[in-house]
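J.: Here it is, the structure in full.
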Amino acid sequence: MCIHVKILFYRMQIILEYFYQNLIKKTFPTGNFKHLGG
């Protein structure tokens, strides 16, 4: 597989994880939810 594709998927995963964590923080102010593993 091309390295550029791996980097693209890696970036998309980071962006989605960041987006979902912000969404969870806004929805649940406690912020104790860790649905997405690192």
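For what it's worth, the working numbering labels the leading residue of the sequence shown as 974, then goes sequentially. Even for Gly, the Cβ is constructed at its ideal location relative to N, Cα and C. On a predicted model such as this, the values are computed, not experimentally measured, just so you know.
Quick one: Cα of Met985 to Cα of Tyr991, how far?
T.: 10 Å
J.: What's the gap between the Cα of Val978 and the Cα of Gln994?
T.: 24 Å
J.: How long is the line joining the alpha carbons of Leu996 and Leu989, rounded to whole angstroms?
T.: 10 Å
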